[in-house]
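Everything below concerns the one structure shown next.
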Amino acid sequence: MLTRLIEMSLRNRVLVILLFAIACAAGVYRMIQLPIDAFPDTTPIQVQINTVAPALSPEEIEQQITLPVELSIGGLPGLQNVRSVSKFGFSQVVATFDDDIRIIDARQYITERLSAVELPDGVGRPELGPIATGLGEVFHYVIRSETGEHSIEELRTIHDWVIKPELRKVPGVAEVNSWGGLERQYHVVVKPEALIKFGFTLEDVLDALRRNNANVGGGQIVTSGEARVVRGLARVATIGEIENIVVASSDGTPVRIQDVAEVEIGSEIRRGAVSAYGEGEVVLGLAFMLMGENSRVVTEELRERLESLAPSLPPDVVVDVVYDRTLLVEQVIKTVEHNLVIGAVLVIVVLLIILGNIRAGLLVAVAIPISMLFAVQGMYEFAIAASLLSLGAIDFGILVDGSVVMTEANLRSLKERQR
Numbered sequence: 047m048l049t050r051l052i053e054m055s056l057r058n059r060v061l062v063i064l065l066f067a068i069a070c071a072a073g074v075y076r077m078i079q080l081p082i083d084a085f086p087d088t089t090p091i092q093v094q095i096n097t098v099a100p101a102l103s104p105e106e107i108e109q110q111i112t113l114p115v116e117l118s119i120g121g122l123p124g125l126q127n128v129r130s131v132s133k134f135g136f137s138q139v140v141a142t143f144d145d146d147i148r149i150i151d152a153r154q155y156i157t158e159r160l161s162a163v164e165l166p167d168g169v170g171r172p173e174l175g176p177i178a179t180g181l182g183e184v185f186h187y188v189i190r191s192e193t194g195e196h197s198i199e200e201l202r203t204i205h206d207w208v209i210k211p212e213l214r215k216v217p218g219v220a221e222v223n224s225w226g227g228l229e230r231q232y233h234v235v236v237k238p239e240a241l242i243k244f245g246f247t248l249e250d251v252l253d254a255l256r257r258n259n260a261n262v263g264g265g266q267i268v269t270s271g272e273a274r275v276v277r278g279l280a281r282v283a284t285i286g287e288i289e290n291i292v293v294a295s296s297d298g299t300p301v302r303i304q305d306v307a308e309v310e311i312g313s314e315i316r317r318g319a320v321s322a323y324g325e326g327e328v329v330l331g332l333a334f335m336l337m338g339e340n341s342r343v344v345t346e347e348l349r350e351r352l353e354s355l356a357p358s359l360p361p362d363v364v365v366d367v368v369y370d371r372t373l374l375v376e377q378v379i380k381t382v383e384h385n386l387v388i389g390a391v392l393v394i395v396v397l398l399i400i401l402g403n404i405r406a407g408l409l410v411a412v413a414i415p416i417s418m419l420f421a422v423q424g425m426y427e428f429a430i431a432a433s434l435l436s437l438g439a440i441d442f443g444i445l446v447d448g449s450v451v452m453t454e455a456n457l458r459s460l461k462e463r464q465r
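Sequence positions in the sequence shown follow the working numbering and run 47 to 465.
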């Protein structure tokens with residue numbers, strides 16, 4: 047069989063060389079498209095289910111939220127295991143699936159089950175985490191005020207409403223999170239003595255705020271062939287508008303929010319802070335890469351988008367990149383290139399010395415780049431990124447082993463014929 051294959055190749059030299067050139071060109075093309083990362087992502091297929099309940103303790107979170115969610119997703123196709131974390135005001139359930147289950151299918155399975163989960167009043171609906179992995183954090187940056195003109199609350203607002211929406215538009219970005227700062231809120235601080243005086247309850251105040259903070263439609267009025275749209279505008283936007291909301295009437299006199307509470311601008315309960323450069327608090331932004339994307343391409347586009355946003359920010363607000371996966375990838379590539387070059391040179395030198403023939407040594411050395419081009423095609427087809435482990439696993443001794451055996455046999459055969 048092998049003899050016939052060799053004879054056929056010799057008879058069709060031009061065709062073999064042409065096919066060889068096409069295969070090499072395909073390898074070069076795939077090498078350009080091959081994703082590059084620092085390390086291979088071995089994270090299993092998993093889906094995070096996050097639920098926020100600000101008023102519940104960890105024990106209540108476990109009993110009223112985490113347990114019902116875990117029970118609802120039991121028995122899903124390909125489900126391996128379920129683990130959870132219950133903290134004050136927050137529940138997270140992580141479902142891990144078999145590797146042959148697509149992430150989109152896994153999220154669809156969970157979404158269908160969550161629609162039937164019954165949770166207590168005042169608890170947010172369970173939300174799925176981003177389509178990212180444990181190695182998805184590819185870009186970190188901080189927002190700070192050089193002159194101190196902008197407070198930490200204003201920096202958080204700038205990030206949430208200016209920077210974050212733009213970065214989420216970058217292709218390959220799954221999520222952008224905010225850390226640190228103060229998230230602005232309107233606080234209605236109820237006066238208990240005022241409620242007792244007017245005979246109201248806290249639920250009356252909450253109900254009044256809900257009913258009087260929405261725009262509603264009233265259909266249309268047609269007169270003289272013209273249709274006029276009727277709308278009720280009641281969405282509040284200032285402290286004064288909140289204070290003027292009527293709770294109820296007491297002896298024919300309207301009682302407003304300002305009569306039973308104080309309205310002020312505050313912030314959400316803080317659970318942490320971020321500092322940088324030893325100069326005080328800053329706001330930290332974290333960009334997560336979509337599963338399966340090229341980290342080098344995504345981080346480069348994120349950096350370009352941040353640079354384009356700079357003119358739209360206040361003069362003293364600066365965005366500093368503190369972590370960029372591209373820098374790590376470049377260092378890994380340099381390390382791999384150095385090791386590959388040194389390994390290839392040493393193998394070629396040893397071949398020249400052992401074979402004692404320059405032409406034969408160079409002929410065997412050609413197997414190194416050719417084998418790598420064929421390997422790149424396989425890596426691309428099986429979605430294996432070029433990383434420190436995948437490229438560092440190349441053994442030049444094994445690559446040239448077959449070529450050395452055949453070349454030595456040919457040299458010995460030629461010498462015997464010359465005798």
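We put the CB at the ideal spot given by N, CA and C, even for glycine. On a predicted model such as this, the values are computed, not experimentally measured, just so you know.
For LEU332, the enclosing beta strand (DSSP E) starts and ends at 329 to 335. Nearest to GLU200 by C-alpha distance, out of ALA69, VAL276 and GLY312, is GLY312. By the CB criterion at 8 Å, GLN138 and ILE95 fall inside the cutoff. For THR88, no alpha helix (DSSP H) segment is defined, and its DSSP state is neither H nor E.
Inter-residue distance for ALA99 and PRO172 is about 10 Å (C-alpha atoms, whole angstroms). The region 178 to 191 makes contact with the region 358 to 366: 3 or more CB pairs, one atom from each, lie closer than 8 Å.
At least 8 Å separates the beta-carbon of ALA333 from that of VAL208. Counting only unbroken stretches of 4 or more residues, the alpha helix (DSSP H) elements lying wholly within the region 104 to 154 are 104 to 107 and 113 to 118, in sequence order. The beta carbons of ILE147 and ILE91 sit about 6 Å from each other, so the pair counts as a contact at 8 Å. In the three-state reduction of the DSSP assignment, GLU454 falls in the helix class. Taking the CA atoms as reference points, VAL301 sits about 20 Å from ALA260.
Of the candidates GLY245, GLU310, ILE315 and VAL268, the residue whose Cα lies closest to the Cα of ASP297 is GLY245. The three-state secondary structure of THR269, taken from DSSP, is strand. For GLY331, the closest C-alpha among the options ARG202, LEU102 and GLU158 is that of ARG202. The beta carbon of GLY168 sits closer than 8 Å to those of ALA99 and ALA101, all from its chain and outside the five residues before and after it, given in chain order. The beta carbons of LEU419 and GLY73 sit closer together than 8 Å. Short of 7 Å from the beta carbon of LEU213, and not among the five residues preceding or following it, lie these beta carbons of its own chain, in chain order: VAL219, VAL222, ALA333, LEU348 and ARG351. A residue is called buried once 16 or more other Cβ atoms fall within 10 Å of its Cβ, and PHE143 is buried on that count.
Partner residues in the beta bridge of THR299, as assigned by DSSP, are SER296.
Listed in chain order, the alpha helix (DSSP H) elements of length 4 or more contained wholly in the region 180 to 220 are 198 to 204 and 210 to 213.
LEU409 sits away from THR345, with the two beta carbons spaced by 8 Å or more. Here DSSP, grouped into helix, strand and coil, assigns ASN261 to coil.
Along the region 304 to 331, the beta strand (DSSP E) occurs as fully enclosed runs of 3 or more residues at 307 to 313, listed in sequence order. It is roughly 21 Å from the alpha-carbon of GLU314 to the alpha-carbon of SER191.
Here the C-alpha atom of ARG159 lies approximately 36 Å from the C-alpha atom of ARG342. Here TYR426 is buried: its Cβ has 16 or more other Cβ atoms, across all protein chains shown, within 10 Å.
Per the C-alpha coordinates, the member of ARG256, ILE267, GLN231 and LEU435 positioned closest to ILE285 is GLN231.
At a Cβ-Cβ threshold of 8 Å, LEU241 and LEU248 count as neighbours.
Counting only residues of its own chain and dropping the five nearest sequence neighbours on each side, VAL93 has a CB closer than 8 Å to the CB of VAL140, ALA141, PHE143, ILE149, ALA152, ARG153, ILE156, LEU174 and GLY175. Taking each of ALA429, HIS205, ALA431 and GLY402 in turn and checking the Cα distance to LEU355, the smallest one comes out for HIS205. For ASN258, the closest of ILE303, VAL60 and LEU122 by C-alpha to C-alpha distance is ILE303. In the three-state DSSP reduction, SER161 falls in the coil class, being neither helix nor strand. Annotation for VAL234: the continuous beta strand (DSSP E) segment containing it runs 230 to 236. Bounds of the alpha helix (DSSP H) holding VAL410 are 404 to 411. Take VAL309, set aside five residues on each side of it, and the residues of its chain with a beta-carbon closer than 6 Å to its own are VAL234, ILE285, ILE288 and GLU289, in chain order. Between ILE107 and the set ALA71, VAL131 and PRO123, the nearest pair of CA atoms involves VAL131.
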